[in-house]
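Residue numbers (my numbering): 9 to 211.
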């Protein structure tokens, strides 16, 4: 009779331990997958702002993309002050500068491509943002990002500006997203602060 009383306890303990082990194993596996996907998203953003690195109109696997990244892109060194390097024939062909700051709802993390002159922008891409879908999240769409190609980073307090949609643009400004004033304002602050700091260090 005593043995039968212990049986449910032992059974529940064993079942709980088994389920806990499975859950912990799945959590660890999922965390590794999430981390790998985050790394791949970052690498894709870096490659997308570099000129003529790969044909972005063609779909390639994550493994192929990672291979291109490791072959073409060098990590930041003492002379690039946080920017990743794209070299051709031993010469710097472009910089990929990470930018990061607080958006309207959550952090915005992106990459700005810059030519060797340290002032001409090749492109911008985002690898993390959680702004409002249909409004602030439009910063990740080509229609907004394509405005940055060929723009020039000025010297001074505001090297780059994001202007209202009804304002005429100059060589160092792009139009904000209609209805997403807060996201546009915060992205402008992120971009010009990080660009200004980088330019000052590069000098």
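Note that the Cβ used here is the ideal one computed from N, Cα and C, for glycine as well.
Asked                                                                                                                                              : Found
Does DSSP put residue 156 in a helix, in a strand, or in coil?                                                                                     : helix
Flag this pair as yes or no: are the beta carbons of residue 122 and residue 128 separated by less than 8 Å?                                       : yes
Start and end of the beta strand (DSSP E) containing residue 137?                                                                                  : Residue 137 -> no beta strand (DSSP E), and no H or E assigned at all.
What are the boundary residues of the beta strand (DSSP E) that includes residue 107?                                                              : 99 to 110
Around the C-beta of residue 175, are 16 or more other C-beta atoms found within 10 angstroms, so that it is buried, or is it exposed?             : exposed
Which of the three DSSP states is assigned to residue 131 in this structure?                                                                       : strand
On the DSSP bridge assignment, give the partners of residue 170 in chain order.                                                                    : 182
Mapping DSSP to helix, strand and coil, what is residue 211?                                                                                       : coil
On the DSSP letters alone, give me the boundaries of the beta strand (DSSP E) that residue 95 sits inside.                                         : 92 to 96
Going by DSSP, what residue range makes up the beta strand (DSSP E) through residue 118?                                                           : 115 to 122
Of the choices 99, 73 and 65, whose alpha-carbon is the least far from that of residue 45?                                                         : 73
Near residue 113, which residues of its chain fall below 8 Å by C-beta distance, leaving aside the five closest residues on each side in sequence? : 138, 139, 140 and 144
Would you say residue 48 and residue 94 are within 8 Å of each other, going by their C-beta atoms?                                                 : no
Under 8 Å, do residue 194 and residue 99 count as touching if we go by C-beta distance?                                                            : no
Evaluate the contact criterion for the segment 145 to 153 versus the segment 164 to 180: three or more CB pairs, one atom per stretch, below 8 Å.  : no
What are the start and end residues of the alpha helix (DSSP H) that includes residue 89?                                                          : Per DSSP, residue 89 belongs to no alpha helix (DSSP H) and is neither H nor E.
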